[in-house]
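Trainee: These protein sequences, in sequence, are chains C and H.
Heads up, the first sequence is in my numbering, so the first residue is 483 and it goes up one at a time.
Heads up, the second sequence is in my numbering, so the first residue is 1094 and it goes up one at a time.
Ideal Cβ placement from N, Cα and C applies to all residues, glycine included.
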Amino acid sequence: MFDNLTGRLAGVIKNLRGQARLTEENIQDAMREVRMALLEADVALPVVKDFIAHVKERAQGREVLQSLTPGQAVIQVVHEELTKLMGGGTASLNLAAVPPAIILMSGLQGSGKTTTSAKLARLLKEQKKKVLLVSADVYRPAAIEQLKTLGQQLEIDCFDSNAGQKPADIARDALDYAKRHFHDVMIFDTAGRLAIDDAMMDEIRQLHAQLNPIETLFVVDAMQGQDAVNTARAFNEVLPLTGVILTKLDGDARGGAALSVRHITGCPIKYVGVSEKVDGLEPFHPERMASRILGMGDVLSLIEQAQKNVDIDEARKLAEKVKSGKNFDLEDFKAQMQQMRKMGGVGALMDKMPAQVAGMAAGMSSEAGDKAMSRIEGIINSMTPLERRKPELIKASRKRRIATGAGVQVQEVNRLLNQFEEMQKMMKMFSKGGMAKMMRAMAGRFPGMR
Amino acid sequence: MLNFFKKNPEAAQPEERSPTWAERLKQGLTRTRKQITGQFDALFSGGKIDEDVYEELETILLTSDVGISATQALLEEVRKEVKRQSLDDTTQLREALKEALIKLLEPLAQPLDTAGHQPYVIMLAGVNGAGKTTTIGKLAWSLQRQGKSVLIAAGDTFRAAAREQLQAWGERNDVHVIAQEGGDPAAVIFDAVNSAKARGIDVVLADTAGRLPTQLNLMEEIRKVHRVIGKALPGAPHEVLLVLDANTGQNAVTQVKAFDDALKVTGLALTKLDGTAKGGVIAAIAKERPIPIRFIGVGEQIDDLQIFNAREFVEALFA
């Protein structure tokens, strides 16, 4: 998501690294690059200015100048400031209220309030809370049906409001209903509104006064541009916001809005939406985000994702085989690729890798990589189990059959077999020589990576 | 449920209030204008042109979401103009910038013409929450007013109640909506196109589910939808309309590129220009991937979908 910002800063940092001493001038250069990168990433200008001022001041301070590696020290400062800007640690929902604890959702049209409400409800249900979903979006056609449908899918109670009612009446009735049915949490979804629409802003102000929610969440689209800062300010003026949810983070937006909104509202970003599916809501980790921006890679998220999606037993078996360099057959090769795909394909993987590794894979488009992977899978699927275990059996006639089966040229089957052989060699190397050697050997030998 | 376009229950007869196009656009863009010209006025109040002015100018364009490459191109243009005409006053700079912006945007002002094919199939695409379904409502309304018969295909089979949203709209405006319980988007649209052929309908509006360009499987799916439309009616879809949210920052450029690579986008619709968003990203798009801008959404009322006009857009911005 922060791709280009990562790239830009990685470039800046490379330049800094090469320099023995920090001067007024090269700090200036670096700061200009950082400024441009942040602006390109849609971070709002006032936020950028503050950020640069902070970083510059600290970069000129003693800690940096006296450091043996001033370049590294600057990176450290940028990293720390970025983390700080995005709000230190992880923040969670505050539900310490007399039940029902009320969560009010607010935001622009199309920012993802309704979907997020359902995701949030699911999360709370997992924590054994009895949740009531309420929609007061009487404006957009079928908005209430949308929430009801989602509620049904998740088996979460949804208050039976309809578009003929006034939002204030819905609030009153829903609150009454939640009390009578002993709901722990009530999530109150509202219609999308523009910050300059006074009538609508007044409506949500009144809803807030009426419901007195313990959490007032502002839902922001991660793709939002410079205007994020204005919208956030306006909502914050009307509503006492307690938190922010950043949606559509699975896109490739550079996500500067995250930085801007946090800076303007002072509210922590509590969750991020990372998929269209109802389980796609995750806690926000500022320090990981900062690392990722700086090209240090989001390895922690990668590990988490791996744990979530990969069959541990199978992975262990595979790791054994890789380690010993023995018995690694085409079946395992396929399994490995499938696991990779489960984690979001080559693109998602590279996204989270440190810049150096990602740089190694430069020139390889993630799409091409994913495509190559599915072709390889097709070829392997066209082999008999025996052939998969003993690829050395595959001679001309078998190759022709496999190629026909997979709908590819014989050359491609050849290429795969060669690749596989190389990989086996690599495994052996790995069992003897360790990671560094393998990384070097790997460059150019992985599907699509050449 | 029926007050789709709030604050204006009589939206069905907007000709009664009928402010002119320019007025409406100006209204919609008031915030945009205030934002930009507030800054510009301070800048262009006369005085000498120096590097500070250019730097300030760059900042303003960047904060309007114009993007770096378009900003630099615009500034280059303005610099040249300043040299060529030996301008020395900042007020003249404003005109030069205006002209540069118009020059960049003018080629993109090409309205949609649905004549020439029957049925004329328009496929809508875009990221989640860009305003595809609402745009379909507005579009169907305006096409009907031009005397065209319209059929809507509820191709968003993924999002909960997307179908109901379109059906609610269709019922009120007497437009037939083809929908299926769940099912495959390509199949729904295929049926709709065939049905339009049989009934002699003029325009088919095909909705699709919102998707982020990074979701490769979904991008593959929409390619398939596109192919299948071509099977139902050779040469269709005649228009692939990408719906963009004016609030979007530089990612809009990425979206245009990704959808264009996948579908060959033939037109853009820029929605939600009635907020504080400045829509400057149009300039970035014009620079990087010039695709005709068919419509802009300047309000929540049903007739607030307007034809894009570069000169008026820029004029309204600077008025």
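1. Give the range of the beta strand (DSSP E) segment to which H/Gly1390 is assigned.
2. Give the interface partners of H/Thr1152 over in chain C, defined as CB-CB distance under 7 Å, in chain order.
3. Name the DSSP beta bridge partners of H/Asp1338, please?
4. May I ask which residues mark the beginning and end of the alpha helix (DSSP H) holding C/Lys595?
5. Any idea what DSSP makes of C/His536, helix, strand or coil?
6. Determine, using beta carbons only, whether H/Thr1227 comes closer than 9 Å to chain B.
7. Please decide whether C/Ala854 counts as near chain H, where near means a Cβ-Cβ distance under 9 Å.
8. To the nearest angstrom, how far is the alpha carbon of C/Gly779 from that of H/Lys1380?
9. Starting from C/Asp670 and walking both ways along the beta strand (DSSP E), at which residues does that stretch end?
10. Count the other CB atoms within 10 Å of the CB of C/Lys730; is the residue buried (16 or more) or exposed (fewer)?
11. Could you please tell me which residues of the region 1253–1269 of chain H, in chain order, have their CB closer than 9 Å to any CB of chain C?
12. Whole-angstrom Cβ separation of H/Ala1362 and H/Val1336, contact assumed at under 8 Å?
13. What are the residues of the region 1148–1181 of chain H that lie near chain C, defined by any Cβ-Cβ distance shorter than 8 Å?
14. Taking Cβ positions only, does C/Thr886 come closer than 9 Å to chain H?
15. With H/Ala1351 and H/Pro1385 assumed to form a contact (beta carbons below 8 Å), what rounded beta-carbon distance in angstroms separates them?
16. Looking at H/Ile1215: is its Cβ nearer than 9 Å to the Cβ of H/Glu1332?
17. Should H/Leu1154 and H/Ala1163 be called a contact, given that it needs their Cβ atoms to be closer than 9 Å?
18. List the residues that DSSP assigns as beta-bridge partners of C/Met587.
19. Which word fits C/Lys907, buried or exposed, when buried means at least 16 other C-beta atoms lie within 10 angstroms of its C-beta?
20. Fully enclosed by the region 1212–1264 of chain H, which beta strand (DSSP E) runs are 3 residues long or longer?
21. Cutting at 7 Å between CB atoms, please list the residues of its own chain near C/Ala603, excluding the five before and the five after it.
22. Please compile the residues from chain H whose C-beta is within a distance smaller than 8 Å of the C-beta of C/Gly733.
23. Would you verify that the beta carbon of H/Ala1412 is, or is not, closer than 9 Å to some beta carbon of chain C?
24. From the beta carbon of C/Leu632, is the nearest beta carbon of chain H less than 9 Å away?
25. For C/Thr713, which residues in the same chain have their Cβ closer than 7 Å to its Cβ, ignoring the five residues on either side in sequence?
26. Rounded to the nearest angstrom, what separates H/Ala1193 and H/Glu1169 at their Cα positions?
27. Cα separation between C/Glu859 and C/Glu627?
28. Taking Cβ positions, are C/Ala739 and C/Asp524 nearer each other than 9 Å?
29. Closer than 8 Å by beta-carbon distance: list the chain C residues that pair up with H/Val1374, in chain order.
30. When you check each C-beta in the region 1367–1392 of chain H against every C-beta of chain C, which residues fall closer than 9 Å?
31. Give me the DSSP bridge partner(s) of H/Gly1331.
32. Between which two residues does the beta strand (DSSP E) holding C/Val616 run?
33. In chain order, what residues of the same chain lie with their CB nearer than 7 Å to the CB of C/Cys640, ignoring the 5 residues before and after it?
34. Going along chain H in order, which residues have a C-beta closer than 9 Å to the C-beta of C/Gly738?
35. What whole-angstrom Cβ distance do H/Leu1190 and H/Val1171 have, given they're in contact under 8 Å?
36. Using alpha carbons as the reference points, say which of C/Leu693, C/Gly733, C/Arg744, C/Ile862 lies closest to C/Phe717.
Mentor: Reading off the structure:
1. 1386–1390
2. Correct list: Leu527.
3. BP columns for H/Asp1338 point to H/Thr1364.
4. Where C/Lys595 is concerned, the enclosing alpha helix (DSSP H) stretches over 595–608.
5. helix
6. Although the question refers to chain B, the structure presented lacks it and instead comprises the protein chains C and H.
7. no
8. The predicted position of C/Gly779 is uncertain, since its pLDDT is 48 and thus under 50; a value taken from the coordinates is nonetheless stated next. Roughly 31 Å separates the two Cα atoms.
9. A small fix is needed here, since residue 670 of chain C is Phe in this sequence, not Asp. Here the beta strand (DSSP E) through C/Phe670 covers 667–671.
10. Classification of C/Lys730: buried, given that the 10 Å Cβ count is 16 or more.
11. Those residues of the region 1253–1269 of chain H that come within reach of chain C (Cβ to Cβ, closer than 9 Å) are Ala1253, Ala1254, Ala1255, Arg1256, Glu1257, Gln1258, Leu1259, Gln1260, Ala1261, Trp1262, Arg1265.
12. Sure, about 5 Å apart at Cβ, within 8 Å.
13. Thr1152, Leu1155, Thr1156, Ser1157, Asp1158, Gly1160, Ile1161
14. no
15. H/Ala1351 to H/Pro1385, Cβ: 18 Å. No contact.
16. yes
17. Here H/Leu1154 is near H/Ala1163, since their CB atoms are less than 9 Å apart.
18. C/Leu699
19. exposed
20. 1213–1219, 1243–1246
21. Leaving aside the five residues that flank C/Ala603 on each side, the residues in its chain whose CB is nearer than 7 Å to its CB run, in chain order, Val613, Leu615, Leu636, Ile638, Ile669.
22. Val1220, Leu1305, Pro1306, Thr1307, Asn1344
23. Here the model assigns H/Ala1412 a pLDDT of 49, short of 50, so the residue's position is not dependable, and the following value carries that caveat. Answer no: the Cβ-Cβ gap between H/Ala1412 and chain C never drops below 9 Å.
24. yes
25. Leu590, Ala677
26. 10 Å
27. Rounded to whole angstroms, C/Glu859 to C/Glu627 spans 41 Å at the Cα level.
28. Cβ atoms of C/Ala739 and C/Asp524: closer than 9 Å.
29. Gly707
30. Cβ contacts with chain C: Asp1367, Gly1368, Thr1369, Ala1370, Lys1371, Gly1373, Val1374.
31. Note on identity: in this sequence residue 1331 of chain H is His, with Gly being the wrong assignment. Its beta-bridge partners do not exist; DSSP assigns none.
32. 613–617
33. Around C/Cys640: Leu615, Leu629, Lys630, Gly633.
34. Result: Gly1342, Gln1343.
35. 5 Å
36. C/Arg744
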